[in-house]
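My numbering numbers the first residue of the sequence shown as 407 and each following residue consecutively.
Ideal Cβ positions, reconstructed from N, Cα and C, are used throughout, including at glycine.
As structure tokens, the structure follows; a few thoughts come after it.
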Amino acid sequence: MGYSTSTAGSQRFRWPHFYLGVAFTTMATLLLELSLTRIFSVVFHYHFAFLAISIALFGLGAGGVFSYLVADWRGDLFSKLGALAAANSLVVLVSLILSLSIRQNLGFWSLAAVYFPSTLPFFLSGTVVSLAIAETIERVDRVYFYDLVGAGAGCLLLVPLLNTFGGPNTVIATAAVFAASAAIWYSLAGRVAGRVASVALALGLLMLLGYNAKYRIIDVKYAKGQTLANEQFVKWNSFSRIAVAPERISKLPTIFIDADASTSIANFDFTSITEQDRRALLRTGPGFPYIVRPGAKTLIIGPGGGWDVARALASGSPDVTAVEINPIIAETIMRQKFPHLSRHLYFRPDVRIVAEEGRSFVRRSKEKYQVLQATLVDTWASTAAGAYALSENNLYTSDAFCDYLGHLTGDGILAFTRWGVEPPRESLRLLSLARVALARLGQNEPWRNVIVARQGKLRDSQGWGALDTVLIAREPFSAGDLERARNAIREGGFEPIYLPDENIPNPFTEMLRTPDIRAFYERYPFNIRPVDDDRPFFFYTVQTRDIWKFLGYFLRGDQPTSSRADFQVNMAVPVMLGLLAVSLMATVVILALPPLLLGVRLPRDKGILKFLLFFVFIGAGYIVIEVALIQRFVLFLGHPTYALTVIIFSMLVASGCGSYFSRRVVRSSQTRLSGAMLLVAVSVALLTICVGPVTESGVGWPPWLKVILTVL
């Protein structure tokens, strides 16, 4: 092992170059992992973003095992590392092209087919890092410092690269970084030809990146089993891929989010709007609240292409605030590239557009509104942070509903529209949130504060469902409100689902009026219990007893017949179980095959099992803390991407610093190591106690102060 003692410790050894090679490798690895979460969310479905995380962790672990098995192979170490890194840059490019060529939805077996080839870049990266650490074990504390700092740098680069170049081009940039690391390794080996070839490869990949950014030869052409055609505009950011294309049936200009969710662009001239257009806007489910409360000061969360804004204006609203989380939609499309498609709707003086996460805006706002509306707002697409969660959505929690109700005037109403299916799920869960939120505000008869109306028929919904609009009032609805609601239901051809002064036999009435809500939740066929900020999985409605039924759908490659929403969201846990099975198979393969094929025995030293378990528990604890902090700080920092970047960067760099100073602090003392672990446990406990109150009190602080507090 030529560099572990003599060469690595000599003065001739170029440690800065070595550290830079390690940092480049880990930076590219983290960039690749996080950018794949975005690409998989677009090409497949949001829950397949977990696939990228599993692929990365498995590949890195497999590379570590492989490096142990081949440690005695002949050849100069740095030449090996250079060859592996150069090969990895090409493997990354090939695996990207293969991933983008998948034309069908993933089932269990096709999932396995994607899993193993995509693991190879991480396998090679893990091999490089493991060999480098093994050969410089005397300075492992410093090597690991640069390892983690490099990964932290990759985290910082993710957002600007995705925002500027998009998902596929970020992966190409990752390949270029791997090629640059190969040049460093070859330089340490004294191989001029290898260094020149690696530099040329890196420059070639950068040229490909620039060309591809303009002409999109390597791009998402197929997504979720469909061909993406006639796209007039495409732009990525750190949490979405936004495209403008004609809708397949109506041919109207439509905004597509991650090749799945969509919103057409409203096109009305409000300087001379006809009565027919006004009625067409208001006699819809999302227009229902503006008939009950006409001319209201309005807050709209997730306006998209502007339809809810148009409905508010059609009702005579003089003041409309629309909060859109995606700046590509709010600014690039609606105000810069295609303002004419909406007749400059977002430039009107009575319309205020804010590019921000809706819940965060509500929390820091001091204004009160008569109507607060959200129509089919969801986040099935995976942010890099959201890849760790089963479609978590902080807009739909009991805590969020308390925030919303607290920002209503005395006569204000919440208006939420969700898919209406049989048996009801999403719209019924809205009522469970309303019950909790109203009770916290002292409204102990929630059945007096709710109206539900349904637009459309289930048979005409193309597998999604009808539109259920749920109105939740800050105070009980008045007789005048109920009269206007009945007129709107009659004139719009809606189906009355729940009215406070009627006894319509259905689950909505039963939920709002039952004296034993727990028994209702238990016997209902779907999980519609209220969710809060600590468990914000609003869309996941499968009862625990029915998980195996959905797992059967996944294994057979079927979709539930009741609603496409079942596949979009409720298939998440079966997908995770399938992914777990594939991962376990992969783990068995990597642990069993190398000893059999290569005749190498894994270590059986005394105490090795305890040693390995120690690191297993450290790694598991690290990930659990990371995920919990990301979820907790999403609201505080105002955006999932900010939480991802700040939390992961801070933890990686802090861990690197801990590694750098570990020998000075611990000094190979078991007592000091035990004390350090105890200090970690105490720190985590204190963080758990303090993080809630601090984030609650600091919601209105300036962004720079929030970032500093989060880092600390």
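Looking from the CA of Ser485, the closest CA among Ile590, Thr875, Leu820, Ser838 belongs to Ile590.
Residue pairing by DSSP puts Arg647 in a beta bridge opposite Trp642. Sequence-distant partners of Phe744 (beyond 5 residues in either direction) whose C-beta falls short of 8 Å from its own C-beta, in its chain, are Phe639, Val650, Pro659, Ile671.
Under DSSP, Glu730 shares a beta bridge with Ala761. Between Phe419 and Ser1065, the gap from beta carbon to beta carbon reaches 8 Å or more. At the C-beta level, Thr669 and Val535 stay beyond 8 Å of one another. The beta carbon of Ala635 is closer than 7 Å to none in its chain, skipping five residues each way along the sequence. Listed as beta-bridge partners of Pro700 by DSSP are no residues whatsoever. By the beta-carbon neighbour count (other beta carbons within 10 angstroms, threshold 16), Gly616 is exposed. Contact between Arg1038 and Val1113 is absent: CB atoms are separated by about 15 Å, not below the 8 Å threshold. According to DSSP, Gln742 shares a beta bridge with no other residue.
The DSSP assignment places complete alpha helix (DSSP H) segments of no fewer than 4 residues inside the segment 1069-1115 at 1076-1103, in order along the chain.
The three-state secondary structure of Gly818, taken from DSSP, is strand. For the pair Leu607 and Ser495, the CB atoms are nearer than the 8 Å cut-off. 8 Å or more divides the Cβ of Leu877 from the Cβ of Thr823. Contact between the segment 613-627 and the segment 572-582 is present, with at least three C-beta pairs closer than 8 Å.
Rounded to whole angstroms, Asp874 and Ser804 show a C-alpha spacing of 19 Å. Boundaries cannot be given for Glu773, as no alpha helix (DSSP H) includes it and DSSP labels it neither H nor E.
Our two residues, Gly573 and Phe926, have alpha carbons roughly 45 Å apart in a direct line. In the three-state reduction of the DSSP assignment, Glu541 falls in the helix class, which pools H, G and I. Among the bridge pairs identified by DSSP, Phe926 is matched with none. By the criterion of a C-beta distance shorter than 8 Å, Val1059 is surrounded in its chain by Leu554, Val555, Gly558, once the five residues flanking it on both sides are discounted. Under the DSSP assignment, Thr875 falls in the beta strand (DSSP E) whose first and last residues are 872-879. Residue range 901-904 is occupied by the beta strand (DSSP E) that includes Tyr904. Of all C-beta pairs linking the segment 591-600 to the segment 487-503, three or more are shorter than 8 Å, placing the two stretches in contact. Within the same chain, Val497 come within 6 Å of Leu526 by CB-CB distance, once the 5 residues on both sides are set aside. A Cβ-Cβ distance of about 5 Å is found for the pair Pro906 and Arg854, placing them in contact under the 8 Å criterion.
Ala780 sits in a strand when the DSSP states are folded into three classes. Counting C-beta atoms within 10 angstroms of its own C-beta, Pro1109 has fewer than 16 neighbours from the protein chains shown and is therefore classed as exposed. A distance below 8 Å separates the beta carbons of Ser1068 and Asp547. Comparing C-alpha distances from Thr1101 to each of Phe1042, Leu1084, Val1090 shows the shortest one belongs to Phe1042.
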